[in-house]
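Chemist: In our numbering, the protein residues as written are 197 to 388. Just dropping this structure here.
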Amino acid sequence: MDHARIEEGVRLILEGVGEDPAREGIRETPHRVAQALEECLAGMRQDASELFRVGFDADCHDIVVVRDIPFFSLCEHHLLPFFGSAHVAYIPGESGRVCGISKLARTVDVYARRLQLQERLCAQVADAVDEALHPLGVLVVMEAEHLCMTMRGVKKPGALTTTSAVRGAFQKNSATRAEAMKLIFDGKASGL
Ligand code: ZN
197 MDHARIEEGV RLILEGVGED PAREGIRETP HRVAQALEEC LAGMRQDASE
247 LFRVGFDADC HDIVVVRDIP FFSLCEHHLL PFFGSAHVAY IPGESGRVCG
297 ISKLARTVDV YARRLQLQER LCAQVADAVD EALHPLGVLV VMEAEHLCMT
347 MRGVKKPGAL TTTSAVRGAF QKNSATRAEA MKLIFDGKAS GL
């Protein structure tokens, strides 16, 4: 990432909003913004497929659900954060091969730490799991608050946007999809 250019840009923004970039409190702001962007957009330089190199032949053929994975992303339209929870479900393929469950959370991070749209983020996580594990099905649901919608624009704090990406068996079989949704959302209701 080109920190010098980011810093130059942030100085221009500060001038543009009528600030004095030399003012003591914000003198180091361009530097801090560049560092923050480096961290928040780290996923741009990460390859999710690397995460799945190690898997386990567990002879598992039932639905695996990891829910309430927190994530933070930046909307590519306003460069403002959107954040919330991701829920990832999959059914292992014929081989019964599974991945370490932390890998699903890390996959969410790799794609969230980019300039994103929630719809695309959801689809990318589903496709990454699909390509890495060749499961019978993948279902990803994401619920997020977008600051570009809640602190500006229509200003509706707490409004949540829900997106889903459905692949394979979850797409073809509505009972299988319903079972995964129940595992994701009933657990939440019971406070487990
Ligand atoms: Zn936005």
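Built from N, CA and C at the ideal position, the CB exists for glycine as well. These numbers come from a predicted model, not from an experiment.
Report yes if the CB atom of residue 262 is closer than 8 Å to the CB atom of residue 284, and no otherwise.
Modeler: Yes, these two residues count as a Cβ contact at 8 Å.
Chemist: Per the contact definition of three or more C-beta pairs closer than 8 Å, is the region 354-362 in contact with the region 307-327?
Modeler: Yes: at least three Cβ pairs fall under 8 Å.
Chemist: To which residues of the same chain is residue 304 closer than 6 Å at the C-beta, ignoring the five residues directly before and after it?
Modeler: Result list for residue 304: 265, 267, 282 and 321, in chain order.
Chemist: In the structure shown, what three-state DSSP assignment does residue 291 receive?
Modeler: Coil at residue 291, not helix or strand.
Chemist: Pull up the distance between the alpha-carbon of residue 207 and that of residue 371, whole angstroms please.
Modeler: Near 55 Å, if we compare the C-alpha coordinates of residue 371 and residue 207.
Chemist: Distance, Cα to Cα, residue 333 vs residue 232?
Modeler: Taking the straight line joining both Cα atoms gives about 36 Å.
Chemist: What number of angstroms, rounded off, separates the C-alpha of residue 274 from the C-alpha of residue 344?
Modeler: Their backbone Cα atoms lie some 7 Å apart in a straight line.
Chemist: Of all the options 216, 224, 355 and 244, which has the alpha carbon lying nearest to the alpha carbon of residue 323?
Modeler: It is 244.
Chemist: How is residue 157 classed by DSSP in three states: helix, strand or coil?
Modeler: Outside the displayed span of the chain (197 to 388) sits residue 157, for which this structure offers no information.
Chemist: Less than 7 Å separating the Cβ of residue 417 from some heavy atom of the ligand ZN?
Modeler: The structure shown does not extend to residue 417, since the chain is modelled only from 197 to 388, so the question has no answer here.
Chemist: Return the first residue and the last residue of the beta strand (DSSP E) that residue 268 is part of.
Modeler: Element bounds for residue 268: 260-271.
Chemist: What I want to know is whether the C-beta of residue 227 ends up closer than 7 Å to one or more non-hydrogen atoms of the ligand ZN.
Modeler: Checking the Cβ of residue 227 against the ligand ZN gives no.
Chemist: Looking at the structure shown, is residue 283 part of a helix, part of a strand, or coil, going by DSSP?
Modeler: Correct three-state label for residue 283: strand.
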